[in-house]
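Step one of this worksheet: look at the structure below.
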Amino acid sequence: MTIVPLAIEAGKEVVKEMTGLLTKFLGPGFEEAGEIVRDYVRHFRLQRELALLRKADDIVRDAGFNPRAVNMRVLFPLLDAAALEDNEDMKERWASLLASAANPNNRTELEASFIEILKQLAPTHAYLLDVFYEQIERDTLPPEQWAERGYVLSDLREFLEQEVPQFDVAIENLFRLNLVAYRSEEHT
Numbered sequence: 002m003t004i005v006p007l008a009i010e011a012g013k014e015v016v017k018e019m020t021g022l023l024t025k026f027l028g029p030g031f032e033e034a035g036e037i038v039r040d041y042v043r044h045f046r047l048q049r050e051l052a053l054l055r056k057a058d059d060i061v062r063d064a065g066f067n068p069r070a071v072n073m074r075v076l077f078p079l080l081d082a083a084a085l086e087d088n089e090d091m092k093e094r095w096a097s098l099l100a101s102a103a104n105p106n107n108r109t110e111l112e113a114s115f116i117e118i119l120k121q122l123a124p125t126h127a128y129l130l131d132v133f134y135e136q137i138e139r140d141t142l143p144p145e146q147w148a149e150r151g152y153v154l155s156d157l158r159e160f161l162e163q164e165v166p167q168f169d170v171a172i173e174n175l176f177r178l179n180l181v182a183y184r185s186e187e188h189t
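Here it is in structure tokens:
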């Protein structure tokens, strides 16, 4: 057994002993306080999940389609992740992702990996991605030419560095998540 699992086990034992002693000295009040906190957290999450479902419902209604059932393998992780979001723009993204999963006109199922990708995007990173795609739309560059023609990052860098704190970190995260790519050498 390596050091890390041993340290984790030792930590578990300390927490277990501490909980036992607090329960012993504080009595049933300690257990009840824990249940109150647990209930508060459940209520908080439930409120956030309800707000997400309402936003997604608005998106569905505005788009004019009857939603299909979303696979539980996608729905529950999406609700769990979205309930932790504080940023309003990101909440909108979560709701849009849920609405997209419920859209019967989508030919592909929402991949669970999309949830993991969105979880790994900071609001400024998502903003940066929006700017890239707005640039593509403005130039009416067809998707099949994105990799071929690409965009020169330096064209947008000056503007974006003022808007996006830690610009280079954001760019690297988008590359890591394969949401953007370098132009291939054969097309430069």
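Residue numbers (the working numbering): 2 to 189.
No residue lacks a Cβ here, since even glycine has one placed at the ideal position from N, Cα and C.
Owing to the predicted nature of the structure, the values given are computational and were not obtained by experimental measurement.
- Three CB pairs or more closer than 8 Å across the region 123-133 and the region 73-91: Under the 8 Å Cβ criterion, the region 123-133 counts as touching the region 73-91, having at least three qualifying pairs.
- Query: Where does residue 1 land, buried or exposed, given buried means 16+ other C-beta within 10 angstroms?
  - Reply: No statement about residue 1 is possible, as the shown extent of the chain runs from 2 to 189 and does not include it.
- Answer yes or no: do residue 66 and residue 106 have a C-beta to C-beta separation smaller than 8 Å? Yes, the Cβ-Cβ distance between residue 66 and residue 106 is below 8 Å.
- Thinking C-alpha only, which one of 98, 23 and 75 is nearest residue 59? Comparing Cα positions, the closest option is 98.
- How close, in whole Å, do the beta carbons of residue 49 and residue 100 come, if the pair is a contact with beta carbons under 8 Å? Going by Cβ atoms, the distance from residue 49 to residue 100 rounds to 17 Å, so no, they are not a contact pair.
- Message: If you reduce the DSSP assignment to three classes, tell me which class residue 164 lands in.
- Response: Looking at residue 164 - three-state DSSP - the assignment turns out to be helix.
- Item | residue 75 beta carbon less than 8 Å from that of residue 57 | The answer is no: Cβ separation not under 8 Å.
- Output the distance between the C-alpha atoms of residue 128 and residue 14, rounded to the nearest integer angstrom. Taking the CA atoms as reference points, residue 128 sits about 44 Å from residue 14.
- Item | Pairwise C-alpha distance: residue 34 and residue 82 | About 26 Å.
- Backbone CA spacing between residue 179 and residue 116 [nearest angstrom]: Each residue's alpha carbon lies about 14 Å from the other.
- Message: So, with DSSP's three-state summary, where would you put residue 181?
- Response: Three-state DSSP puts residue 181 in coil, outside helix and strand.
- Item | Separation of residue 174 from residue 187, as counted between CA atoms | Residue placement at residue 187 is poorly supported in this model, since its pLDDT is 46, which falls under 50; the coordinates still yield a value, given next. The alpha-carbon atoms of residue 187 and residue 174 are separated by roughly 24 Å.
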